[in-house]
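Colleague: Quick note on numbering: the numbering used here labels position 107 of the sequence shown as 574, and the sequence is numbered without any gaps.
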Amino acid sequence: MDIKKHDQLDEILALFYFGYKTFTKKPDEILEKYGIQRMHHRIIFFIAKFPGLSVNELLTLLEITKQGLHGPLKKLLEKGFVKSEQCEQDLRVKNLFLTKEGEKLEEELSNVQKEQLNKIFLQLGEEYQTAWVEIMKKLSSNRLGYELWINKD
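(1) State the Cα-Cα distance for the pair Val560 and Ser521, rounded to the nearest angstrom.
(2) Using DSSP with H/G/I as helix, E/B as strand and the rest coil, what is Lys546?
(3) Rounded to whole angstroms, what is the Cα-Cα separation between Lys533 and Phe513?
(4) Measure the Cβ-Cβ separation of Ile511 and Leu543 and say whether it is below 8 Å.
(5) My output table needs one value for Asn562: the three-state DSSP class, helix, strand or coil.
(6) Identify which residue in Phe483, His473, Tyr501, Lys550 has its Cα closest to the Cα of Leu576.
(7) If I measure Cβ to Cβ from Gln504 and keep anything under 7 Å in the same chain, skipping five residues before and after, which residues do I get?
(8) Please report how far the alpha carbon of Glu594 lies from the alpha carbon of Lys586, in whole angstroms.
(9) Contact check, Phe564 vs Glu552 under 8 Å by CB: the rounded distance?
(10) Check for me: the alpha helix (DSSP H) holding Gly486 runs from which residue to which?
Written out as structure tokens, the structure reads:
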């Protein structure tokens, strides 16, 4: 890799970092009001998109261990954002759902980020949105969680 390309990629890495910080700033402020963090946001997001998913499906989406999920999920259950119900077909399986409060929080968090993205895409045009989506697909394509995401319907 030549020096010019190396420097361009450094610029892209810095932009990715600063863009991510901007993208997560407002949601982090909202989460802080509730005494929860970004991991809780990810859990809430995926439960909202897959109502009734099992704990194992959530582990796949997040690509974390049971130990990594236990504390954050327990906190969301205790705070009343998530509820757990036994699966009727398999009593060993717990299905996860957002409560009304969880739905409100997820909507508040997602709307902030959707507005950020929408504003940028409206300014730049649809071709930039298409290019951005393609880049994100390439970055996501080898993730187990992404495979579950694209097959959700």
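The beta carbon of each residue, even a glycine, is placed where N, CA and C say it ideally should be.
Computed from a predicted model, the values in this text were never measured in an experiment.
Modeller: Based on what the coordinates show:
(1) Sequence index remark: in the sequence shown, residue 560 carries index 93 (1-based). Sequence index remark: in the sequence shown, residue 521 carries index 54 (1-based). Distance between the alpha carbons of Val560 and Ser521 is about 6 Å.
(2) Within the sequence shown, the letter at position 79 stands for residue 546. Coil.
(3) Residue numbering aside, residue 533 sits at position 66 when the sequence shown is read from its first letter. Residue numbering aside, residue 513 sits at position 46 when the sequence shown is read from its first letter. Looking at the two C-alpha atoms, the distance is approximately 16 Å.
(4) Looking up residue 511 in the sequence shown gives position 44. Looking up residue 543 in the sequence shown gives position 76. Yes, these two residues count as a Cβ contact at 8 Å.
(5) As a working mapping, residue 562 is identified with position 95 in the sequence shown. Note: Asn562 maps to strand in three-state DSSP.
(6) Counting from one through the sequence shown, the residue named residue 576 turns up at place 109. The shortest C-alpha separation from Leu576 is found at Tyr501.
(7) Residue 504 sits at position 37 when you count from the first residue of the sequence shown. Closer than 7 Å at Cβ, skipping near neighbours: Leu498.
(8) Residue numbering aside, residue 594 sits at position 127 when the sequence shown is read from its first letter. Residue numbering aside, residue 586 sits at position 119 when the sequence shown is read from its first letter. Cα to Cα, Glu594 sits roughly 14 Å from Lys586.
(9) For the purposes of this step, residue 564 is identified with residue 97 of the sequence shown, where counting begins at 1. For the purposes of this step, residue 552 is identified with residue 85 of the sequence shown, where counting begins at 1. Contact flag correct, Cβ pair sits at about 7 Å.
(10) The residue labelled residue 486 in the question sits at position 19 within the sequence shown. Where Gly486 is concerned, the enclosing alpha helix (DSSP H) stretches over 470–500.
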